[in-house]
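Trainee: One structure is given below, represented as structure tokens, and several questions about it will come after.
In the working numbering, the protein residues as written are 22 to 248.
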């Protein structure tokens with residue numbers, strides 16, 4: 022069941038609300054496992070691929086890659102990722118030189134790290150958010166047994182035997198399970214009475230992209246401040 026056949030959807034196994042990296046990947050993985058999945062998001066997916074939408078990058082750990090592979094996402098990246106082969110961790114105070122004490126990890130010194138076929142060992146891989154989004158959108162639209170509803174809003178009614186999801190266009194989906202993947206302000210989480218603990222860091226983040234004059238050789242730099 023592809024996005025082209027969504028009008029035939031009525032009974033599905035799982036409804037995933039939220040087509041971000043977590044919800045979208047999970048929906049694809051479940052679909053590839055043979056389940057009938059409906060994926061709902063209030064926003065259209067293509068605009069999320071635009072460079073101005075999200076300037077961040079993701080560090081995908083070694084153990085997370087098999088999940089992306091099983092969801093059909095990794096193969097659609099087309100090599101648009103950079104391996105992390107070394108990690109240099111330092112700390113210090115603003116305006117001062119880093120502490121002379123540091124940590125340094127080199128994947129080539131760890132013989133037990135398996136390497137994907139045709140690639141060198143890596144702790145993980147850096148992927149731009151828009152590249153991951155592009156690959157994820159392709160995987161979503163091509164996954165067997167996955168129906169996409171976006172842009173779309175829905176109301177969820179829970180019962181002992183499952184859930185009934187009423188879409189804004191009047192259609193109704195029934196499933197055994199609904200998964201809340203709408204982000205930190207998840208309405209489904211609030212409706213289920215799942216509590217959260219919040220902590221305000223009172224900090225601002227600056228995201229930028231830096232071009233190196235010389236090859237960085239897969240070295241990741243992490244610098245921690247006292248806060």
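Every residue gets a Cβ at the ideal spot worked out from N, C-alpha and C, and that includes glycine.
Counting along the chain, where does the beta strand (DSSP E) carrying residue 183 start and finish?
Mentor: 183–188
Trainee: Could you check which residue in 225, 188, 205 and 36 has the C-alpha nearest to that of residue 219?
Mentor: 205
Trainee: Check this for me: beta carbons of residue 55 and residue 166, under 8 Å apart or not?
Mentor: yes
Trainee: Using 7 Å as the cut-off, classify the Cβ of residue 175 as near or not near the heavy atoms of the ligand MN, replying yes or no.
Mentor: Only the bare structure without any ligand can be found here, which leaves the ligand MN out of the picture.
Trainee: CA-CA distance, residue 53 and residue 84?
Mentor: 19 Å
Trainee: Is the number of C-beta pairs between the segment 96–116 and the segment 134–151 that are closer than 8 Å three or more?
Mentor: Because the criterion of three Cβ pairs below 8 Å is met, the segment 96–116 and the segment 134–151 touch.
Trainee: Can you list, in chain order, the residues of its chain whose CB lies under 6 Å from that of residue 178, leaving out five sequence neighbours each side?
Mentor: So the list reads 185, once near-sequence residues are dropped.
Trainee: Check whether the segment 209–223 and the segment 107–125 touch, using three or more Cβ-Cβ pairs below 8 Å as the test.
Mentor: no
Trainee: With H, G and I counted as helix, E and B as strand and the rest as coil, what does DSSP make of residue 119?
Mentor: coil
Trainee: Opposite residue 146 in the DSSP bridges: which residues?
Mentor: 81 and 104
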